[in-house]
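Before any comments, here is the structure.
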Amino acid sequence: MASKKPTSDETTHDPEVRPKAARTHWSARDRLRILAAADACAPGELGALMRREGIYSSHLARWRRQRAEGELAALTPKRKAAPTPEAQRQTAELARLRRENQRLQAKLAQAEVIIDVQKKLATLLGITLPAPPTDAQD
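To convert, count from 1 in the sequence shown and add 1; that's our numbering.
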């Protein structure tokens with residue numbers, strides 16, 4: 002029999018959208034358990050352990066480095082400290098100054114437009130404007 006070419010109806014793709022794979026997170030206890038198992042592996046068994054646990058060699062290297070730096074302290078998630086009252090005051094002050102800066106910039110832009118209109122009007126009416134003062138204070 003000759004092979005039959007698929008028609009356009011037969012080559013349609015599955016319209017189902019597959020969910021994105023979620024990242025795996027290991028607790029400090031799991032990391033230490035896996036490290037202990039990896040340390041106990043005989044030559045040639047480490048690959049099977051990594052496949053079974055779903056980890057890469059880079060995970061082992063990073064976890065070993067963390068373990069050497071401080072056992073569980075390096076493996077437990079670090080919590081962020083609450084901001085100090087001084088830091089909160091500085092953040093509030095910074096936000097206030099940014100709002101004020103934005104308001105003043107808008108006011109400056111409006112003043113520049115008004116000055117440009119005044120210059121054009123003076124030119125049309127033939128009025129000579131005095132030169133602006135210079136800051137020649139040495």
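Glycine included, C-beta positions come from ideal geometry on N, C-alpha and C.
What residue range is occupied by the uninterrupted alpha helix (DSSP H) comprising residue i?
i   : result
P86 : P86 to L126
E54 : L47 to E54
Considering only residues of the same chain and omitting the five flanking positions on each side of residue i, which have a CB-CB separation below 8 Å?
i    : result
T129 : A123
M2   : Summary for M2: the model assigns pLDDT 49, below 50, so the residue's position carries little reliability; its value from the coordinates is reported in the next sentence. Counting only Cβ-Cβ distances below 8 Å, and skipping sequence neighbours, we find nothing.
When DSSP labels each residue in this structure, what does residue i get in the three-state scheme?
i    : result
H26  : coil
L33  : helix
D136 : coil
E17  : coil
L130 : coil
R66  : helix
A43  : coil
A38  : helix
Looking only at its chain, what residues have a beta carbon closer than 7 Å to the beta carbon of residue i, apart from the 5 residues adjacent to it on each side?
i    : result
Q111 : none
P44  : none
When you compare each of the options to residue i by their alpha carbons, which one comes out closest?
i    : options                : result
D31  : K121, L61 and L105     : L61
R24  : A49, E17, I56 and L33  : I56
A29  : V118, R97 and R63      : R63
A69  : T135, A41, C42 and L33 : L33
R53  : G71, A88 and A38       : A38
L126 : V118, A132 and P133    : V118
Within 7 Å: the Cβ of residue i and any heavy atom of the ligand SAM?
i    : result
G127 : What this structure holds is no ligand at all, so the ligand SAM is not there to describe.
Here's a check: name, in chain order, each residue in its chain whose Cβ is nearer than 6 Å to the Cβ of residue i, leaving out the five neighbours to either side.
i    : result
H26  : none
R100 : none
T135 : none
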